[in-house]
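Okay, so here's the structure we're looking at.
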Amino acid sequence: MQDDIVLERRGGWGVATFNRPAALNALTRQMCVALDEALTAWADDPSVIGVVAHGAGTRPLRGRRRAGGAGAGP
Numbered sequence: 001m002q003d004d005i006v007l008e009r010r011g012g013w014g015v016a017t018f019n020r021p022a023a024l025n026a027l028t029r030q031m032c033v034a035l036d037e038a039l040t041a042w043a044d045d046p047s048v049i050g051v052v053a054h055g056a057g058t059r060p061l062r063g064r065r066r067a068g069g070a071g072a073g074p
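Counting in full-length UniProt numbering, the sequence shown runs from 1 upward without gaps.
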């Protein structure tokens, strides 16, 4: 099973890859929680100079809310 979000360090950068191309990389609650945890850790790490977020696949990220979706933030 593929991870819906891949969080990694590349040099001084934190990289978040949304890995749900079939769903236009729409975020799930679990993805939001994982991203929040990574951003918090990276913010506390002085060796991180920035963060890049991108989606897998060739189509753009989807920004609309779906029924039964994430609702309020984590």
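Glycine included, C-beta positions come from ideal geometry on N, C-alpha and C.
Residue span of the beta strand (DSSP E) that contains residue i, given as start and end
i          : result
residue 76 : Within the shown structure, residues of the chain are numbered from 1 to 74, placing residue 76 beyond reach of any answer.
Cα-Cα separation, residue i to residue j
i           : j   : result
residue 148 : A43 : Nothing in the structure corresponds to residue 148, since the chain is present only between 1 and 74.
F18         : A53 : 8 Å
E37         : G12 : 18 Å
A23         : R59 : 10 Å
A41         : G55 : 21 Å
R10         : N25 : 21 Å
Nearest-angstrom beta carbon gap, residue j and residue i [assumed within contact, 8 Å]
i   : j   : result
L7  : A16 : 6 Å
I49 : M31 : Between M31 and I49 the Cβ distance is about 24 Å, and since that is not below 8 Å, they are no contact.
6 Å CB neighbourhood of residue i in its chain, flanking five on each side removed
i   : result
G57 : P21
Neighbourhood of residue i by C-beta distance below 7 Å, restricted to the same chain and skipping five residues each side
i  : result
D3 : N19
Nonlocal neighbours in the same chain, by C-beta distance under 8 Å from residue i, ignoring five residues either side
i   : result
S47 : G12
Which ranges would you report for the beta strand (DSSP E) in the segment 19-57 if only whole runs of at least 3 residues count?
-> 50-55
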